[in-house]
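Accompanying notes for the structure given below.
Residue numbers (this note's numbering): 2 to 283.
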């Protein structure tokens, strides 16, 4: 049942639901695209029921909670993936292939935006702002994303680090404390190197943020907060490649909010960085 989509789960369980639960089911089935953007308390208010009732409904139809239901509905509504990537064939011209790639990236971004959880985003920003030290972790292709995150956040004036080598990552993770924050990036959420780092961080009590794909995220179970991407694999491009632009955009969003919250301190840090970089220009 775990792989079953959101709407199918609700329809399949409908006859076993109580009258109150059927009201919730009807509300969701009629407007699933709205649920993606609603918080649990908004749904509860619209239906004049308790938040706990909505939460129990989610569990009754096979989800761990309301966020898991939203993610499943996003799969139905946004991506069934409404052709997130058109098939590329050997007969396509370079221009046609480029157009399909751009279309795919746009749809990947839109699908990721649809499942972006405001509460998780707020928690992530709060953790970053309160940290004495922020470290970004990623393995393989995700190491490039981690390096990009470091490249952005070093402008913030916060103490930021990133190590790309797996042994160095484990060594560095062992030195972090509960006053620091680790951001772990893994599309599959199943990279052994990254999961090993997450386990070390858990043992140290370090607050953790995961950036991973919603459909394959064992990493999210080890982290305090998770931000999800949506992408689809095709014959010529893996979903991990397609997800990179969404991961970069999530990091852009985190960086921008952090800089805005830092106010004058953030502006001063950015100005110092610009002055330093100007020395390299002719």
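We put the CB at the ideal spot given by N, CA and C, even for glycine. This one's a predicted model, so the numbers in the text were calculated from it and none came from an experiment.
In the three-state DSSP reduction, residue 132 falls in the coil class, being neither helix nor strand. Its Cα nearest to that of residue 105, the residue 246 stands out among 246, 214, 183, 266.
Beta-carbon to beta-carbon, residue 185 and residue 209 are separated by about 6 Å, close enough to satisfy the 8 Å threshold. At the C-beta level, residue 228 and residue 212 come within 8 Å of one another.
For residue 202, the enclosing alpha helix (DSSP H) starts and ends at 193-205.
In terms of CA proximity to residue 120, 38 leads the group 38, 91, 264. In the DSSP secondary-structure assignment, residue 162 is bridged to 136. For residue 42, DSSP records no beta bridge to any residue. The beta carbon of residue 147 lies closer than 8 Å to those of 137, 138, 139, 163, 165, 184, 186 in the same chain, with the five residues before and after it left out. Non-local C-beta neighbours of residue 129 in its own chain, meaning closer than 7 Å and more than five positions away in sequence, comprise 135, 182, 255, 259, ordered along the chain. Separation of residue 42 and residue 52 (C-alpha to C-alpha, rounded to the nearest whole angstrom) is 6 Å. Within the model, the alpha-carbon separation for residue 36 versus residue 257 is close to 26 Å. No residue range can be given for residue 15, since it is assigned to no beta strand (DSSP E) and is classified by DSSP as neither H nor E.
Burial check for residue 200: the Cβ neighbour count within 10 Å stays below 16, so the residue is exposed.
Selection 151, 207, 189 evaluated against residue 176 yields 207 as nearest (Cα-Cα).
Beta-bridge annotation (DSSP): residue 67 is not paired with any residue. Note on residue 272: under 16 other CB atoms within 10 angstroms of its CB, so exposed under the neighbour-count rule. Here residue 188 is buried. Its C-beta has 16 or more other C-beta atoms within 10 Å. Under DSSP, residue 214 forms a beta bridge with 230. A direct Cα-to-Cα measurement between residue 167 and residue 194 gives close to 6 Å.
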